[in-house]
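For reference, the structure is listed below as C-alpha coordinates.
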(Lines of atoms letter the chains of each structure in order from A and count residues from 1; the text may use other names and numbers.)
(Lines give C-alpha, C1' and ligand atoms only; values in the text may rest on other atoms or scores of the structure.)
Protein backbone atom coordinates (compact mmCIF):
# COMPACT_ATOMS: atom_id res chain seq x y z
CA UNK A 1 0.00 0.00 0.00
CA UNK A 2 2.83 2.41 0.82
CA UNK A 3 4.52 1.65 -2.51
CA UNK A 4 1.29 2.34 -4.40
CA UNK A 5 0.96 5.69 -2.65
CA UNK A 6 4.60 6.56 -3.28
CA UNK A 7 4.18 5.83 -7.01
CA UNK A 8 1.02 7.95 -7.06
CA UNK A 9 2.69 10.87 -5.27
CA UNK A 10 5.75 10.80 -7.54
CA UNK A 11 3.65 10.62 -10.70
CA UNK A 12 1.40 13.42 -9.46
CA UNK A 13 4.35 15.65 -8.57
CA UNK A 14 6.09 14.95 -11.87
CA UNK A 15 3.20 15.15 -14.32
CA UNK A 16 1.40 17.88 -12.40
CA UNK A 17 4.45 20.13 -12.33
CA UNK A 18 5.13 19.40 -16.00
CA UNK A 19 1.62 20.48 -17.00
CA UNK A 20 1.46 23.42 -14.59
CA UNK A 21 4.73 25.01 -15.65
CA UNK A 22 4.39 24.30 -19.35
CA UNK A 23 0.75 25.12 -19.91
CA UNK A 24 -0.15 27.59 -17.16
CA UNK A 25 2.85 29.37 -15.68
CA UNK A 26 4.99 29.96 -18.78
CA UNK A 27 2.11 31.24 -20.96
CA UNK A 28 0.97 33.47 -18.09
CA UNK A 29 4.45 34.97 -17.80
CA UNK A 30 4.49 35.91 -21.48
CA UNK A 31 0.92 37.23 -21.35
CA UNK A 32 1.52 39.31 -18.22
CA UNK A 33 5.05 40.68 -18.44
CA UNK A 34 5.76 43.35 -21.03
CA UNK A 35 9.45 42.46 -21.04
CA UNK A 36 9.56 39.24 -23.11
CA UNK A 37 13.22 38.72 -22.26
CA UNK A 38 12.39 38.72 -18.55
CA UNK A 39 9.46 36.35 -19.15
CA UNK A 40 11.80 34.07 -21.09
CA UNK A 41 14.43 34.17 -18.36
CA UNK A 42 11.91 33.27 -15.66
CA UNK A 43 10.31 30.56 -17.80
CA UNK A 44 13.75 29.16 -18.63
CA UNK A 45 14.61 28.95 -14.94
CA UNK A 46 11.33 27.20 -14.19
CA UNK A 47 11.91 24.70 -17.00
CA UNK A 48 15.40 24.05 -15.60
CA UNK A 49 13.89 23.25 -12.21
CA UNK A 50 11.31 21.06 -13.95
CA UNK A 51 14.11 19.19 -15.73
CA UNK A 52 15.65 18.22 -12.40
CA UNK A 53 12.23 17.30 -10.98
CA UNK A 54 11.89 15.01 -14.00
CA UNK A 55 15.27 13.37 -13.46
CA UNK A 56 14.59 12.69 -9.77
CA UNK A 57 11.00 11.53 -10.24
CA UNK A 58 11.86 9.34 -13.24
CA UNK A 59 14.66 7.55 -11.41
CA UNK A 60 12.66 7.04 -8.21
CA UNK A 61 9.51 5.99 -10.03
CA UNK A 62 11.43 3.57 -12.27
CA UNK A 63 12.98 1.97 -9.17
CA UNK A 64 9.58 1.66 -7.50
CA UNK A 65 8.01 0.13 -10.61
CA UNK A 66 10.93 -2.23 -11.17
CA UNK A 67 10.60 -3.50 -7.58
CA UNK A 68 6.80 -3.51 -7.49
CA UNK A 69 6.50 -7.29 -7.42
CA UNK A 70 3.01 -8.52 -8.24
CA UNK A 71 1.56 -5.02 -8.63
CA UNK A 72 2.36 -5.23 -12.36
CA UNK A 73 2.47 -8.16 -14.71
CA UNK A 74 5.58 -8.34 -16.88
CA UNK A 75 3.95 -6.57 -19.85
CA UNK A 76 2.57 -3.72 -17.71
CA UNK A 77 5.90 -3.22 -15.95
CA UNK A 78 7.72 -3.05 -19.30
CA UNK A 79 5.21 -0.54 -20.69
CA UNK A 80 5.42 1.71 -17.64
CA UNK A 81 9.23 1.60 -17.63
CA UNK A 82 9.29 2.46 -21.34
CA UNK A 83 6.98 5.44 -20.76
CA UNK A 84 9.16 6.65 -17.87
CA UNK A 85 12.30 6.17 -19.97
CA UNK A 86 10.92 8.07 -22.97
CA UNK A 87 9.71 10.90 -20.73
CA UNK A 88 13.16 11.12 -19.17
CA UNK A 89 14.75 11.04 -22.63
CA UNK A 90 12.51 13.94 -23.70
CA UNK A 91 13.90 16.03 -20.84
CA UNK A 92 17.50 15.01 -21.46
CA UNK A 93 17.27 15.91 -25.15
CA UNK A 94 15.37 19.14 -24.58
CA UNK A 95 17.04 20.53 -21.48
CA UNK A 96 20.56 19.21 -21.81
CA UNK A 97 20.69 19.07 -25.62
CA UNK A 98 18.57 21.86 -27.12
CA UNK A 99 18.45 24.37 -24.24
CA UNK A 100 22.20 25.12 -24.23
CA UNK A 101 21.99 26.15 -27.90
CA UNK A 102 19.00 28.38 -27.15
CA UNK A 103 20.89 29.98 -24.26
CA UNK A 104 23.88 30.56 -26.55
CA UNK A 105 21.66 32.35 -29.07
CA UNK A 106 20.10 34.51 -26.31
CA UNK A 107 23.57 35.38 -25.02
CA UNK A 108 24.59 36.56 -28.49
CA UNK A 109 22.01 39.35 -28.29
CA UNK A 110 22.90 42.54 -26.42
CA UNK A 111 20.82 43.28 -23.29
CA UNK A 112 17.67 45.15 -24.23
CA UNK A 113 18.06 44.32 -27.92
CA UNK A 114 15.85 41.92 -29.80
CA UNK A 115 16.96 38.95 -31.87
CA UNK A 116 17.29 39.64 -35.55
CA UNK A 117 17.36 37.63 -38.75
CA UNK A 118 19.09 34.29 -38.69
CA UNK A 119 19.50 34.23 -34.89
CA UNK A 120 15.76 34.69 -34.43
CA UNK A 121 15.01 32.01 -37.04
CA UNK A 122 17.39 29.50 -35.42
CA UNK A 123 15.99 30.27 -31.98
CA UNK A 124 12.45 29.81 -33.31
CA UNK A 125 13.29 26.42 -34.83
CA UNK A 126 14.94 25.22 -31.62
CA UNK A 127 12.02 26.51 -29.56
CA UNK A 128 9.58 24.71 -31.86
CA UNK A 129 11.42 21.41 -31.53
CA UNK A 130 11.66 21.85 -27.76
CA UNK A 131 7.93 22.64 -27.54
CA UNK A 132 7.05 19.56 -29.60
CA UNK A 133 9.17 17.38 -27.33
CA UNK A 134 7.46 18.93 -24.29
CA UNK A 135 4.06 18.17 -25.77
CA UNK A 136 5.04 14.53 -26.39
CA UNK A 137 6.29 14.31 -22.81
CA UNK A 138 3.03 15.82 -21.53
CA UNK A 139 0.91 13.25 -23.38
CA UNK A 140 3.17 10.47 -22.12
CA UNK A 141 2.58 11.85 -18.61
CA UNK A 142 -1.12 11.17 -19.05
CA UNK A 143 -0.31 7.66 -20.31
CA UNK A 144 1.92 7.13 -17.26
CA UNK A 145 -0.78 8.17 -14.81
CA UNK A 146 -3.33 5.90 -16.48
CA UNK A 147 -0.91 2.95 -16.57
CA UNK A 148 -0.06 3.40 -12.89
CA UNK A 149 -3.77 3.51 -12.09
CA UNK A 150 -4.11 0.04 -13.66
CA UNK A 151 -1.58 -1.47 -11.23
CA UNK A 152 -2.86 -3.85 -8.58
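In UniProt numbering, the protein residues as written are 1 to 152.
In this text, a Cβ means the ideal position worked out from N, Cα and C, and glycines have one as well.
Every value quoted in this text rests on a predicted model; they were computed, and no experiment measured them.
For residue 100, the enclosing alpha helix (DSSP H) begins and ends at 99 to 107. The beta-carbon distance between residue 43 and residue 26, rounded to whole angstroms, is 4 angstroms. This is short enough to meet the 8 angstroms contact definition. Residue 140: member of the alpha helix (DSSP H) spanning 117 to 149, first to last residue. Cα atoms of residue 134 and residue 5: separation of roughly 26 angstroms, rounded to the nearest angstrom.
The C-beta separation of residue 10 from residue 60 comes to about 6 angstroms, placing the pair in contact by the 8 angstroms criterion. The C-alpha of residue 57 is placed about 34 angstroms away from the C-alpha of residue 34. Counting only runs of 3+ residues, no beta strand (DSSP E) is found wholly inside the segment 32 to 60. At the C-beta level, residue 93 and residue 140 stay beyond 7 angstroms of one another. Of the other Cβ atoms in all chains shown, 16 or more fall within 10 Å of the Cβ of residue 14; this residue is therefore buried.
Within the same chain, and ignoring the five residues on either side of residue 126 in sequence, the residues whose Cβ sits closer than 8 angstroms to its Cβ are 98, 101, 102, 105. With 16 or more neighbouring CB atoms inside 10 Å of its own CB, residue 22 falls in the buried class. Here residue 27 carries a helix assignment [DSSP, helix/strand/coil].
Under the DSSP assignment, residue 16 falls in the alpha helix (DSSP H) whose first and last residues are 2 to 20.
When secondary structure is reduced to three states using DSSP, residue 67 falls in the coil class, being assigned neither helix nor strand. Residue 91 sits away from residue 121, with the two beta carbons spaced by 7 angstroms or more.
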